[in-house]
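Chains as they are written, first to last, in the working numbering: chain A, 1 to 336; chain B, 1001 to 1336. Note that the Cβ used here is the ideal one computed from N, Cα and C, for glycine as well.
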DNA sequence: AAGATGATGGTTAGCGGTAACTTTCGAGCA
DNA sequence: TGCTCGAAAGTTACCGCTAACCATCATCTT
């Protein structure tokens, strides 16, 4: 009895070809040692010959496992997320899991939509950037019964697994480095102002408050970061607060843009103005002077996520918890 | 009869709750106008109350359509791909399609694996970066019966839809711009050396050959591009070919790294050395001087991909073809 | 008033796999 | 020789959903 004419090759086609039942073919693929060698070889030959593509939708439906994990990231062009992705992917691949990616564009609504989609495909785990989600998304996640990782920032109330670093402490530490070098008028320059940027800014404020200094010189925008924007915003800040001695930019891109603007204005860094960024991307070492920054352990975060996820997928239970992987303040040459 | 205790909420649970059959619930979701208003409202209430997550794996299995499209990209951190992604996503979302992303790390083997995975999930379309694939991948794609887009570069033998630009012509045009400005010793600096980098290099060679000039000053590496690497490689080139007048870097990151290195060496750009990159990313306008580059219509490429894909998904047939969206050479200030 | 019509909802049969149990059969052992 | 046992393959049922067809009933026709 022929299968639907148009359709793709199924297990049944392979089975017919070899003269066995489809469960045997299924086993030859998933548990080869359970099928005798000669038969297995004939099955493999038939698979190659007919060009069989396993239907994961069907497999996931029947077994409840898909051997894939979804990672939802706010931005594709931000190197922060690509480092984390690499760490996760490397760990998962070794265990036979595929990493699927979704792009949220910093929108928790879009995140919700993707959570729904990927859970609907039956992914075995989910990694989210950040700890803020829609109410509906949290409900979905709780009911889903799969391990969920929230990453980058830390939260006292993790949904499940939380791996990251204390963004506020990092912002504070960097600001205190400025203070330790004698700077007093330290501004904050922020773009996008997603939750992590807000936390860093809170750290900046806390450090200044603790030192009894003004937190007035603060310029933020919801626009996405770019080199151009960093330059423009630095211009605005200098115009508005000419006595500014140092600027903490909420990420490296903005800081680099600010540095380029200083170069155009022939404003010496760090003598006339000190600068710092956040993340420790490639560019901070390329500029002259190298930029001060907070180096975040992104690769390591990805690796730890993969480890924790695999442990859970292997059946190891654990209760919600946070892991703080720390950070490192680096002075570069832009704080002097 | 109770459903499995542990499991998630299914259509049947909603149906039981409301007192109808599951097909009615299914219709309420997919074709609301086919279900009477009062009943629909009761169904919607039950869905909200019980927290139903549709199982797309099952839906895709039963219907053969998943309302999702996969995009496979070589690198997450490269802004080139994020621009394309944005263009595609915007177009697809309006039509109710989800864009799923896979990361190949410039490996066609990994690409093959992801093609297999996503086809196995029943995606309705596939967008690939580049035109080179494994033999097995091409076989899978041909059999899959879904629209396939190859993008960025052009090929005389597209699998299906091909949208991009002529990388060789672009490399040649940029090199000819150097020549038009009187430069004679024009080097090529390339990293990663994926297929597109090779095509650009071929354009550089062709332009120099046509002008009867030497193609000796060429330095390439399989390492991934970075600012640091651009600086280091420029150093090597200057050491080896001190008389070099201009360098065509195979992308903007390398060019920026090279420019930073020139600044460190107090080598005036473009007076002592001219530089150019490729792609037209944000950074080329941020540096001093702005970098010469080839601006590629990435966003537009993404939009056109979405258009073509949607036309095909709506049933409009078409035979394999290529679309050339062109490019624009921009001199910045680094060619003088 | 009888049949045609359209709106609404139900029935049946799968999509392509896998889990769990069962059958078959030859080897090993007392 | 009779029995147990394990390896190898088969049977059955079902995962959650949708296509295609069918049943029902109020509303129109003429």
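Where residue 1087 (chain B) falls: helix, strand or coil (DSSP): Note: residue 1087 (chain B) maps to helix in three-state DSSP.
In angstroms with no decimal places, state the Cα-to-Cα distance between residue 984 (chain B) and residue 1320 (chain B). This structure cannot speak to residue 984 (chain B), because chain B is shown only from 1001 to 1336.
Members of the segment 46-63 of chain A that neighbour chain B once the beta carbon cut-off is set at 7 Å: If the cut-off is 7 Å between Cβ atoms, the segment 46-63 of chain A has 51, 53, 54, 55, 56, 57, 58, 60, 61 near chain B.
Do residue 969 (chain B) and residue 1124 (chain B) have their C-beta atoms closer together than 8 Å? With chain B represented from 1001 up to 1336, any question about residue 969 (chain B) goes unanswered, as that position is not in the structure.
Along the segment 1175-1196 of chain B, what residues have a CB closer than 9 Å to any CB found in chain A? Within the segment 1175-1196 of chain B, no residue has its Cβ closer than 9 Å to any Cβ of chain A.
Using a Cβ-Cβ distance cut-off of 8 Å, determine whether residue 1079 (chain B) contacts chain A. Yes, contact with chain A.
Note the first and the last residue of the continuous alpha helix (DSSP H) segment covering residue 40 (chain A). If you look at residue 40 (chain A), you'll find it in the alpha helix (DSSP H) that goes 37-50.
So, does the CB of residue 334 (chain A) fall closer than 8 Å to a CB anywhere in chain B? Contact with chain B is absent for residue 334 (chain A), since none of that chain's Cβ atoms lies less than 8 Å from the residue's Cβ.
What residue from A:238, A:154, A:103, A:146 has the CA that sits closest to residue 188 (chain A)'s CA? Nearest option by C-alpha distance: A:238.
Looking at chain A, is there any beta carbon in it that lies within less than 8 Å of the beta carbon of residue 1089 (chain B)? Against chain A, the CB of residue 1089 (chain B) has a partner CB under 8 Å away; the residue lies at that interface.
Check the Cβ-Cβ distances between residue 1292 (chain B) and every residue of chain A, and say whether any is below 8 Å. Under the 8 Å criterion on CB atoms, residue 1292 (chain B) is classed as non-interfacial with respect to chain A.
Mind listing, in chain order, the continuous alpha helix (DSSP H) runs of no fewer than 4 residues lying wholly within the segment 1171-1259 of chain B? 1195-1210, 1227-1240, all fully within the segment 1171-1259 of chain B.
Helix, strand or coil for residue 80 (chain A) per DSSP? Helix.
How big is the Cα-Cα spacing for residue 169 (chain A) and residue 79 (chain A)? If you take the alpha carbons of residue 169 (chain A) and residue 79 (chain A), they lie about 22 Å apart.
Look up residue 283 (chain A) in the DSSP assignment and give the residues it is bridged to. Paired residues: none, contrary to the question.
Interface residues of chain B facing residue 140 (chain A) [CB-CB closer than 8 Å]: Per Cβ cutoff of 8 Å: 1051, 1053.
Please tell me whether residue 293 (chain A) and residue 279 (chain A) are closer than 8 Å, where the distance is taken between their beta carbons. Yes, they are a contact pair.
So which residues of chain A does residue 1010 (chain B) contact, with C-beta pairs closer than 8 Å? By Cβ distance, chain A contributes nothing, its closest Cβ being about 12 Å from residue 1010 (chain B), past 8 Å.
contact_flag[the segment 27-38 of chain A, the segment 67-86 of chain A] where n(CB pairs < 8 Å) is 3 or more: The answer is no - the segment 67-86 of chain A does not touch the segment 27-38 of chain A, with fewer than three Cβ pairs under 8 Å.
Between the C-alpha atoms of residue 1270 (chain B) and residue 1217 (chain B), what's the straight-line distance to the nearest angstrom? Straight through space, the alpha carbons of residue 1217 (chain B) and residue 1270 (chain B) are spaced by roughly 18 Å.
Exposure of residue 85 (chain A), with buried meaning 16 or more beta-carbon neighbours within 10 Å: Looking at its Cβ environment, which holds 16 or more other Cβ atoms inside 10 Å, residue 85 (chain A) is buried.
For residue 335 (chain A), which three-state DSSP category applies? Taken through DSSP and simplified to helix, strand or coil, residue 335 (chain A) comes out as coil.
Taking DSSP as the reference, what is the three-state secondary structure of residue 1053 (chain B)? Of the three classes helix, strand and coil, the one that applies to residue 1053 (chain B) here is coil, per DSSP.
Report buried or exposed for residue 1191 (chain B), applying the criterion of at least 16 other Cβ atoms within 10 angstroms of its Cβ. Of the residues assessed, residue 1191 (chain B) falls on the buried side of the cut-off, its CB having 16 or more other CB atoms within 10 angstroms.
Between the Cα of residue 1108 (chain B) and the Cα atoms of B:1318, B:1194, B:1298, B:1261, which residue gives the shortest distance? Of B:1318, B:1194, B:1298, B:1261, the residue nearest in Cα terms is B:1194.
Between residue 1278 (chain B) and chain A, is there a C-beta pair that is closer than 8 Å? Cβ-Cβ to chain A under 8 Å: no for residue 1278 (chain B).
contact_flag[the segment 167-181 of chain A, the segment 195-205 of chain A] where n(CB pairs < 8 Å) is 3 or more: Contact between the segment 167-181 of chain A and the segment 195-205 of chain A is established, with three or more Cβ pairs separated by less than 8 Å.
C-beta contact flag for residue 112 (chain A) and residue 134 (chain A) at 8 Å: Yes, they are a contact pair.
Tell me which residue opens and which closes the alpha helix (DSSP H) that residue 1136 (chain B) is part of. It spans 1135-1144 - the alpha helix (DSSP H) in which residue 1136 (chain B) sits, taken as one unbroken run.
Roughly how many angstroms lie between the CA atoms of residue 334 (chain A) and residue 328 (chain A), to the nearest whole one? Annotation: residue 334 (chain A) to residue 328 (chain A) spans about 16 Å, alpha carbon to alpha carbon.
Proximity of residue 102 (chain A) and residue 114 (chain A) at Cβ, strictly below 8 Å: Pairing residue 102 (chain A) with residue 114 (chain A) gives a Cβ-Cβ distance under 8 Å.
Span of the beta strand (DSSP E) around residue 276 (chain A): Counting along the chain, the beta strand (DSSP E) containing residue 276 (chain A) begins and ends at 274-276.
Residues that residue 285 (chain A) contacts on chain B, provided the C-beta gap is smaller than 8 Å: Those within 8 Å of residue 285 (chain A) in chain B are 1227, 1228.
First through last residue of the beta strand (DSSP E) which encompasses residue 151 (chain A): Where residue 151 (chain A) is concerned, the enclosing beta strand (DSSP E) starts and stops at 148-153.
By the 10 Å Cβ neighbour count, where 16 or more other Cβ atoms means buried, how is residue 157 (chain A) classified, buried or exposed? With fewer than 16 other Cβ atoms within 10 Å, it is exposed.
What residues are listed by DSSP as bridge partners for residue 164 (chain A)? The partner list for residue 164 (chain A) (beta bridge, DSSP) reads A:152, A:324.
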